[in-house]
Amino acid sequence: MGDEKNFRSQFYKKVGLREVEEKRALEALLKEQPLDLERLTNFCWRSSVPAAHRHLVWKLLLQVVPRHAESHDYVRQQQRLAYEELWRAVSALGLTGYTDISPVGNTTDGLFEYHNHNYYHHPRRGGSGPEAPRPEDQLFMWLVSRGQLLHPPRELLRQPESQQFLAIVRKTAGLMDCPVDVFWVSSSVWALLRDNRAAVAAAVTEAAGTVRREHPALHYHLVCSGIFSSGLLTELCLSLFYDVFPESAMEKVLDKVVAGAFGILGCLTAALLLHLQQPLITAATAMGVKSVLSNMRKEEAEMVVAAALEQWLKAGADRK
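Residue numbering for the sequence shown follows the numbering used here, starting at 1 and increasing by one per position.
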């Protein structure tokens with residue numbers, strides 16, 4: 001039976017039908033009641049998640065919805081009520097409208113500069129009006145829900161963790177249509193990355209080792225520029241490469257991240273640096289490197305993500 005399964009897998013891969021087998025395997029997993037989260041996690045580590053089931057898989061692995069399918073409708077209803085209550089609370093506290101925020105001090109300490117990004121008119125926001133919470137509002141909603149609204153709003157928005165939260169909300173808003181889902185999935189992804197910061201930093205260290213092996217001259221130059229010691233690459237990972245990769249390129253990466261496969265972020269970092277080796281050689285500072293990364297074309301971004309996923313499937317998944 002094992003030989004037959006391996007033969008079938010190789011055949012599907014050669015004729016471009018591997019996704020057929022993956023879809024069938026995932027659908028079989030999702031039919032189990034209660035759902036086996038460990039098996040679902042293993043699937044995400046080793047396979048691509050079919051688009052039709054992607055958002056459900058994310059919510060299951062992030063525990064936004066429970067393993068028991070019969071509870072999903074009730075949980076969604078409660079989440080919507082909580083979301084609306086938090087939005088009313090933030091509005092009543094006068095915490096809406098804070099959108100023009102920049103990092104304080106040296107710009108190398110801040111990964112992003114937020115200047116009135118138009119969240120409402122994102123192409124996937126389809127008709128959401130001025131009452132829809134902005135990403136900044138959603139940050140305050142999350143802090144209120146956790147009893148952590150402990151500083152003035154502008155001070156809160158300048159904190160690195162807040163910038164990462166905003167970046168993740170903006171990224172997720174381009175992938176999901178429902179604002180309630182955006183809020184709960186974004187906050188869960190942010191908490192997951194924050195709680196596993198050490199694993200993310202270790203993935204970046206591994207990426208540096210990959211660059212050293214593949215391109216010693218580039219590695220030496222990046223060390224001299226301070227990119228590895230600046231923490232910029234770790235911050236990029238913690239913000240899901242907000243201004244580097246478009247949402248469409250990050251979906252398959254998120255499939256791995258929500259399953260706890262933080263090593264994919266290291267593969268992506270290494271693939272990014274190696275792909276941009278020529279312009280990076282001319283960048284003399286960490287901020288110069290940041291500029292090169294942020295100006296990559298969308299077509300290149302798709303290629304880099306594909307290369308990172310291929311490398312992950314070859315080597316990364318075996319580490320689990």
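Think of the CB as a built atom: it goes at the ideal place given N, C-alpha and C, for glycine as much as any other residue. None of these values were measured; they are calculated from a predicted model.
Exclusion of the five residues before and after W87 leaves P133, D137 and M141 as the residues of its chain whose Cβ lies within less than 8 Å of its Cβ.
Looking at the backbone, the Cα of T205 and that of P216 are separated by about 15 Å. Counting along the chain, the unbroken alpha helix (DSSP H) around C224 starts and ends at P216 to S225.
In this chain, L62 is not harboured by any alpha helix (DSSP H), its DSSP state being neither H nor E. A straight line joining the alpha-carbon of G94 with that of V64 spans about 28 Å. Q159 sits in coil when the DSSP states are folded into three classes, being neither helix nor strand.
When Cβ pairs closer than 8 Å are counted between the two stretches, the segment 41-61 is seen to touch the segment 178-187, the count reaching three or more.
Excluding the 5 residues flanking it on each side, V49 has same chain C-beta neighbours closer than 6 Å at V57 and D255, in chain order. Annotation: the continuous alpha helix (DSSP H) that includes A301 extends over K298 to K314. The count of Cβ pairs closer than 8 Å, one atom from the segment 190-209 and one from the segment 76-92, stays below three, leaving the stretches out of contact. Counting of Cβ neighbours within 10 angstroms places G266 among the buried residues, the total reaching 16 or more.
L274 places its beta carbon less than 8 Å from that of V211. One Cα belongs to R158, the other to E235, and the distance between them is close to 14 Å. Judged by DSSP in its simplified three-state form, C178 adopts coil rather than helix or strand.
Spatial neighbours of F228 in its own chain (CB-CB distance under 7 Å, excluding positions within 5 residues in sequence) are listed in chain order as A208 and L222. By the Cβ neighbour-count rule, T282 is exposed, with fewer than 16 other Cβ atoms within 10 Å of its own. Taking each of L35, Q163 and Y83 in turn and checking the Cα distance to P66, the smallest one comes out for L35.
The residue among D243, Y220, K298 and A306 with its C-alpha nearest the C-alpha of L280 is Y220. An exposed status is given to Q33, since fewer than 16 other beta-carbon atoms sit within 10 Å of its beta-carbon. V244 places its beta carbon less than 8 Å from that of L293. Look at P135 here: in three-state DSSP terms it is helix. For A249, the enclosing alpha helix (DSSP H) has its first and last residue at E247 to V257. Nearest neighbour of A89 by Cα position, chosen from L233, M287 and G147, turns out to be G147. Scanning P246, V289, T41 and V169 for the CA closest to the CA of V304 turns up P246. S186 carries a helical assignment under DSSP once its states are collapsed to helix, strand and coil. N42: member of the alpha helix (DSSP H) spanning L37 to R46, first to last residue. Counted as a single uninterrupted DSSP element, the alpha helix (DSSP H) harbouring A89 occupies residues H72 to A92. Proximity to A259 across E21, A28 and W45 peaks at W45, based on C-alpha coordinates.
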